[in-house]
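> The structure is given below, and queries will be raised subsequently.
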Amino acid sequence: MMVTSLSLLILVSALWTIQAKYRGLERHEYVAKPLTTILILLLAVTRDGAGDPFYQAAIVVGLGFSLAGDVFLMLPGDRFVPGLASFLLAHLAYIVAFTSGGMGLSLVSLAPFLPLMAVMYGVLAPHLGEMKVPVLLYEVVIIAMAWRAWARWAQTDDTAALLGAIGAVLFVASDAALAVNRFVGRFKAVHALVLGTYFCAQWLIALSI
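Next up, the structure:
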């Protein structure tokens with residue numbers, strides 16, 4: 004019952020955020036965007052599954068850094084670098100969570116992610132300027148996060164792990180769309196695509212506990 008109620012609230016708050024973004028309602032966005040992540044954080048904190056408490060703690064830490072990143076990217080002015088740093092720390096926390104079971108390297112599951120990283124960076128690189136190194140570092144970390152999530156599912160064949168793996172890939176999609184919009188060229192569907200995949204990714208990662 005708690006999961007269903009919080010999930011419905013997360014959906015409503017996420018849709019509110021997207022609507023506020025498109026309509027330019029900054030005050031609404033300032034409430035709705037962090038509220039959505041806070042609700043997802045609450046979902047993660049209140050999960051009472053059979054998972055490892057360390058895994059749950061690492062996911063909660065990752066969501067906490069994500070909340071900080073949300074605030075940095077939402078506020079007026081260019082706070083992209085602090086936002087990038089916050090989400091970098093979030094992905095590192097998720098890597099700790101997804102590797103906490105000691106699943107080994109699982110290099111086979113890494114193979115699909117390497118071409119993806121190469122394509123992403125190839126598209127962005129000509130437009131990055133002095134941000135080439137920070138963006139490359141961020142890409143390496145987020146791809147590692149997605150890899151570890153899928154490696155965890157491949158070796159456990161667990162439904163909760165599958166939710167985390169799907170969430171990790173959606174996170175990559177969200178960040179890729181955000182980067183293309185910022186560095187390559189703006190497109191109209193950006194807010195629905197970026198925020199929709201982002202909130203769904205965080206919700207699924209929270210449910211993976």
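Residue numbers (the numbering used here): 4 to 212.
Positions of the beta carbon are idealized from the N, C-alpha and C atoms, including for glycine.
1. Going by the beta-carbon positions, is the gap between M148 and H194 smaller than 7 Å?
2. Rounded to whole angstroms, what's the CA-CA distance from Y201 to A47? Just pull it up for me.
3. Alpha carbon to alpha carbon, how far is D51 from G125? Give it in angstroms, no decimals.
4. Closest by CA to I13, which one among L207, R26, I212?
5. Work out the CA separation of A171 and Q59 for me, nearest whole Å.
6. For D160, which of helix, strand or coil comes out of DSSP?
7. Below 8 Å CB to CB, which residues in the same chain sit around L131 once its five sequence neighbours on both sides are set aside?
8. Could you check the C-alpha separation between R26 and A180 for me, to the nearest Å?
9. Kindly provide the ranges of any beta strand (DSSP E) runs that are 3 or more residues long and lie completely inside the stretch 121-153, ordered along the chain.
10. Hey, could you find the ends of the alpha helix (DSSP H) F90 is sitting in?
11. Straight-line CA distance for D35 to F57?
12. Please confirm whether F174 and W150 have their CB atoms less than 7 Å apart.
13. Using the Cβ count rule (16 or more neighbours within 10 Å means buried), how would you classify G105?
14. Expressed to the nearest angstrom, what Euclidean distance is found between the alpha-carbon atoms of V6 and V144?
15. May I ask you to report which of helix, strand or coil DSSP gives A192?
16. For M4, report the span of its alpha helix (DSSP H) as first-last.
17. Label K191 either buried or exposed according to how many other C-beta atoms from any shown protein chain fall within 10 Å of its C-beta, with 16 as the threshold for buried.
18. Would you mind stating whether A114 and V64 have Cβ atoms separated by less than 7 Å?
A quick look at the data gives this:
1. One-based indexing of the sequence shown puts residue 148 at position 145. One-based indexing of the sequence shown puts residue 194 at position 191. Not in contact: M148 and H194 (Cβ atoms no closer than 7 Å).
2. For the purposes of this step, residue 201 is taken as the residue at position 198 of the sequence shown. For the purposes of this step, residue 47 is taken as the residue at position 44 of the sequence shown. Taking the straight line joining both Cα atoms gives about 16 Å.
3. Locating residue 125 in the sequence shown gives position 122, counting from the first residue. Locating residue 51 in the sequence shown gives position 48, counting from the first residue. Going by the C-alpha atoms only, they are around 42 Å apart.
4. As a working mapping, residue 13 is identified with position 10 in the sequence shown. Looking at the Cα atoms, L207 is the closest of the given residues.
5. The residue you call residue 59 lines up with position 56 of the sequence shown. The residue you call residue 171 lines up with position 168 of the sequence shown. Distance between the alpha carbons of Q59 and A171 is about 16 Å.
6. On the sequence shown, position 157 is the one that residue 160 refers to. Three-state DSSP puts D160 in coil, outside helix and strand.
7. For the purposes of this step, residue 131 is identified with residue 128 of the sequence shown, where counting begins at 1. For L131, where only same-chain residues beyond five positions count, the Cβ hits under 8 Å are V138, F186.
8. The residue you call residue 26 lines up with position 23 of the sequence shown. The residue you call residue 180 lines up with position 177 of the sequence shown. Cα to Cα, the separation comes out at about 20 Å.
9. none
10. As a working mapping, residue 90 is identified with position 87 in the sequence shown. 83-102 is the extent of the alpha helix (DSSP H) around F90.
11. Position 32 of the sequence shown, counted from the first residue, corresponds to residue 35. Position 54 of the sequence shown, counted from the first residue, corresponds to residue 57. Note that residue 35 is Ala in the sequence shown here, rather than Asp. If you take the alpha carbons of A35 and F57, they lie about 29 Å apart.
12. Numbered from 1 along the sequence shown, position 171 holds the residue referred to as residue 174. Numbered from 1 along the sequence shown, position 147 holds the residue referred to as residue 150. It is not a contact, given that the beta carbons lie outside the stated cut-off.
13. Working through the sequence shown from its first residue, we reach residue 105 at position 102. G105 should be labelled exposed.
14. Mapped onto the sequence shown, residue 6 falls at position 3. Mapped onto the sequence shown, residue 144 falls at position 141. Going by the C-alpha atoms only, they are around 30 Å apart.
15. As a first step, residue 192 is located in the sequence shown; it is residue number 189 there, counting from the start. Of the three classes helix, strand and coil, the one that applies to A192 here is coil, per DSSP.
16. Position 1 of the sequence shown, counting from 1, holds the residue named residue 4. From DSSP, M4 is part of no alpha helix (DSSP H); its letter is neither H nor E.
17. Here residue 191 corresponds to residue number 188 of the sequence shown, with the count starting at 1. Exposed is the call here.
18. Indexing the sequence shown from 1 puts residue 114 at position 111. Indexing the sequence shown from 1 puts residue 64 at position 61. No.
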